[in-house]
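Here is the structure we will look at, set down as structure tokens.
Numbering (this note's numbering), first residue to last: 6 to 115.
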């Protein structure tokens with residue numbers, strides 16, 4: 006109720022992208038219980054004029070830790086089976102930076 010913009014990243018972002026956009030998320034984290042409230046969060050944000058900032062690209066890997074094949078995936082292609090999202094990609098980092106730099110107050114969770 007009290008923000009202008011909200012950046013959603015990390016494991017939560019894959020759940021939001023899967024529910025909102027039908028994006029394939031491969032082996033990425035997915036919160037089945039949390040997924041149930043994603044539509045409500047998005048509806049409330051829309052009504053209150055809150056900009057929800059989600060990643061548009063992702064650093065992905067074929068395995069967690071060293072030794073996996075690492076590459077960048079876009080929202081358009083999604084995260085393929087056998088890969089999991091590890092972080093936001095370069096375009097998402099730039100969008101997040103722009104949002105943070107324009108903020109007067111930042112509350113960080115995670």
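All C-beta atoms, glycine included, are put in the ideal place defined by N, C-alpha and C.
- [ ] Measure the alpha-carbon distance for residue 98 versus residue 17 and round it to whole angstroms.
- [x] Indexing the chain shown from 1 puts residue 98 at position 93. Indexing the chain shown from 1 puts residue 17 at position 12. C-alpha separation (whole angstroms): 16 angstroms.
Task: Classification of residue 72 by the beta-carbon crowding that lies within 10 angstroms, buried from 16 upward - done: Stepping through the chain shown from its first residue, residue 72 is reached at position 67. Per the 10 Å Cβ criterion, exposed.
Open item on the list: Can you give me the C-alpha to C-alpha distance between residue 27 and residue 64, rounded to a whole angstrom?
Closed with: For the purposes of this step, residue 27 is taken as residue 22 along the chain shown, with counting starting at 1. For the purposes of this step, residue 64 is taken as residue 59 along the chain shown, with counting starting at 1. Spanning the two alpha carbons is a distance of roughly 19 angstroms.
Task: Three-way DSSP call (helix, strand, coil) for residue 79 in this model - done: Taking the first residue of the chain shown as position 1, residue 79 is located at position 74. The answer is strand: DSSP assigns residue 79 an E or B state.
Open item on the list: Please classify residue 107 as buried or exposed, where buried requires at least 16 other C-beta atoms within 10 Å of its C-beta.
Closed with: Here the question's residue 107 lines up with position 102 in the chain shown. The residue in question, residue 107, is exposed, as its Cβ has fewer than 16 Cβ neighbours within 10 Å.
- [ ] Can you say whether residue 40 is buried or exposed, counting buried as having 16 or more other CB atoms within 10 angstroms of its CB?
- [x] The residue you call residue 40 lines up with position 35 of the chain shown. Result: exposed.
Open item on the list: Judging by CA-CA distance, which residue of 105, 61 and 110 is the nearest neighbour of residue 96?
Closed with: Taking the first residue of the chain shown as position 1, residue 96 is located at position 91. Comparing Cα-Cα distances from residue 96 to each of 105, 61 and 110, the minimum goes to 61.
Task: Residues near residue 104 in its chain [Cβ-Cβ closer than 7 angstroms; skip 5 each side] - done: The residue you call residue 104 lines up with position 99 of the chain shown. So the qualifying residues of the chain are 10, 12 and 58.
Open item on the list: Would residue 43 and residue 21 be called neighbours here (beta carbons separated by less than 8 angstroms)?
Closed with: Here residue 43 refers to the residue found at position 38 when the chain shown is read from its first residue. Here residue 21 refers to the residue found at position 16 when the chain shown is read from its first residue. Yes. Within cutoff.
Task: Reduced DSSP category for residue 21 - H, G, I as helix; E, B as strand; rest coil - done: Position 16 of the chain shown, counting from 1, holds the residue named residue 21. If DSSP states are grouped into helix, strand and coil, residue 21 belongs with the helices.
Open item on the list: Taking a contact to mean a Cβ-Cβ separation below 8 angstroms, would you say residue 89 touches residue 69 in this structure?
Closed with: Along the chain shown, read from residue 1 onward, the residue named residue 89 stands at position 84. Along the chain shown, read from residue 1 onward, the residue named residue 69 stands at position 64. For the 8 angstroms CB-CB criterion, residue 89 and residue 69 form a contact.
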